[in-house]
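Colleague: Here it is, the structure, as structure tokens.
In UniProt numbering, the protein residues as written are 1 to 391.
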């Protein structure tokens, strides 16, 4: 499998990607908070909320999702209580609250709070979306805005913003919206969080194109174990064949078995061109056929191809010169490159003590077998030289 790393057996949790995709647009400012820790700390903040609050993302982490760090002297106490009750009682809430940016600039925000459940229907996260509705509210009176010129400038700015904001918020079937500073905002009717915007926080199998196999599906898992067993078979038989030179048309059973193994490894190469993999940096399951093929061609394709060539067939039918037979016998050692398949799988099992112990036993057996074949070859060559030719 190309570019495989730890964590391949678990389906993707695509919750964050879904929220970012579905909350883009009108709900372009949102935070996610942990619902199982006191004060419900923020665990994720998108760029929209950092711009809205004027704070850096690192400064927002672990702050309370009640946004009490943005409260000021004009923030309504009843609204603060509603926000706290919604978080404590795990229910959906929509409020209009006056918050203050980091530079103490007051803004009116339409805030929506929605609980996110997991596969056991337990609330694990809160999604809080924020929409700047300052232009739709009555101008906020401060000491600086009480002068005539500042008040006129604020009204002019409010009028210019109303048009753009309403165009963003208006639904396709909404004909017009009348703005009255003395009346409550009509945005709650336009910005209701639907079930489509609130996917559950659970593992979801990523959608794949046709003819693309998920790397953790049952078929691929069984196939990987078959390839692993055949790899150990190759690691044992290749040194044996190279040392004892058991190559001829008389060894038909071994020749047939090795040819079948070569065909299976060739099929595995084809499957690798159609199998998803996990990106090493982002942890994302890659299912794009072009990216899969490109990554595999750059990584293990050449090694896998050299390891699956039918050297036994070439060697069995090569009877012209002995030196050519020796060359093909030596080339069979390239099949040991299949051990790279084992190394690709080790990361998934090194966490278990029994697996590590079994792996060490297999390594000791293989190394002892290889050394035995090497010493036999050395002794055989010394014996062929005769006593007079020994050094």
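The beta carbon of each residue, even a glycine, is placed where N, CA and C say it ideally should be.
#1: Do residue 274 and residue 211 come within 8 Å of each other at the CB atom, strictly closer than that value?
#2: Would you decide whether residue 46 is buried or exposed? Buried here means 16 or more other CB atoms lie within 10 Å of its CB.
#3: Should residue 63 be labelled buried (16 or more other beta-carbon atoms within 10 Å of its own) or exposed?
#4: Just the C-alpha distance for residue 298 and residue 261, rounded to the nearest angstrom, thanks.
#5: Counting pairs of beta carbons, one from the region 97-113 and one from the region 122-139, are three or more of them closer than 8 Å?
#6: Near residue 34, what residues of its chain come up, given a Cβ to Cβ distance below 7 Å and the 5 sequence neighbours on each side ignored?
#7: Would the beta-carbon of residue 30 fall within 8 Å of that of residue 48?
#8: Quick one: what does DSSP say residue 96 is sitting in, helix, strand or coil?
#9: According to DSSP, simplified to helix, strand and coil, what is residue 45?
#10: For residue 64, list the residues DSSP reports as bridge partners.
#11: Check each candidate in 32, 58, 136 and name the one with the smallest Cα separation from residue 87.
#12: If we ignore side chains and look at the alpha-carbon of each, how far apart do residue 55 and residue 287 end up?
#13: Could you tell me the distance, in whole angstroms, from the CA atom of residue 76 to the CA atom of residue 50?
#14: Less than 8 Å separating the beta-carbons of residue 52 and residue 132?
#15: Based on the DSSP output, what are the partners of residue 123 in its beta bridges?
#16: Under the criterion of a Cβ to heavy atom distance below 7 Å, does residue 377 qualify as lining the ligand FAD?
#17: Based on DSSP bridge pairs, tell me the residues matched to residue 286.
#18: What are the boundary residues of the alpha helix (DSSP H) that includes residue 33?
#19: Can you tell me whether residue 292 is buried or exposed? The criterion is at least 16 other CB atoms within 10 Å of its CB, across all chains shown.
#20: Could you tell me which residues DSSP pairs with residue 303 in its beta bridges?
#21: Can you tell me whether residue 371 is buried or exposed, with buried defined as 16 or more other CB within 10 angstroms of its CB?
#22: With three or more C-beta pairs closer than 8 Å as the rule, is the region 253-270 touching the region 358-370?
#23: Would you report the Cα separation of residue 259 and residue 374, rounded to the nearest angstrom?
#24: On the three-state DSSP scale, how would you describe residue 184?
#25: For a test of the three-state rule: what should DSSP assign to residue 176, helix, strand or coil?
#26: Can you check DSSP and say which residues form a bridge with residue 213?
#27: Spell out the partners DSSP gives residue 111 in its beta bridges.
Modeller: So, from the listed chains and residues:
#1: yes
#2: buried
#3: buried
#4: 24 Å
#5: yes
#6: 40, 41, 43, 125.
#7: Yes, these two residues count as a Cβ contact at 8 Å.
#8: strand
#9: Three-state result, residue 45: strand.
#10: Answer is 41.
#11: 32
#12: 36 Å
#13: 23 Å
#14: yes
#15: 117
#16: Inclusion of the ligand FAD in the displayed structure is not the case, the ligand content being empty and no account of it being possible.
#17: 277
#18: Under the DSSP assignment, residue 33 falls outside any alpha helix (DSSP H), being part of the beta strand (DSSP E) whose first and last residues are 29-34.
#19: buried
#20: Answer is none; residue 303 lacks a bridge partner.
#21: Its Cβ having fewer than 16 others within 10 Å, residue 371 is exposed.
#22: With the cut-off at 8 Å, the region 358-370 and the region 253-270 do not touch.
#23: Between residue 259 and residue 374, the C-alpha separation is close to 25 Å.
#24: Low confidence applies to residue 184: its pLDDT is 45, below 50, so where it sits in the model is not reliable, and the reading given next is rough at best. Residue state, collapsed to three classes: coil.
#25: In this prediction, residue 176 scores a pLDDT of 38, lower than 50, which makes its location untrustworthy; the coordinate-derived value is nonetheless stated afterwards. In the structure shown, residue 176 falls within a coil segment according to DSSP collapsed to helix, strand and coil.
#26: Answer by DSSP bridge pairing, in chain order: 275.
#27: 95, 130
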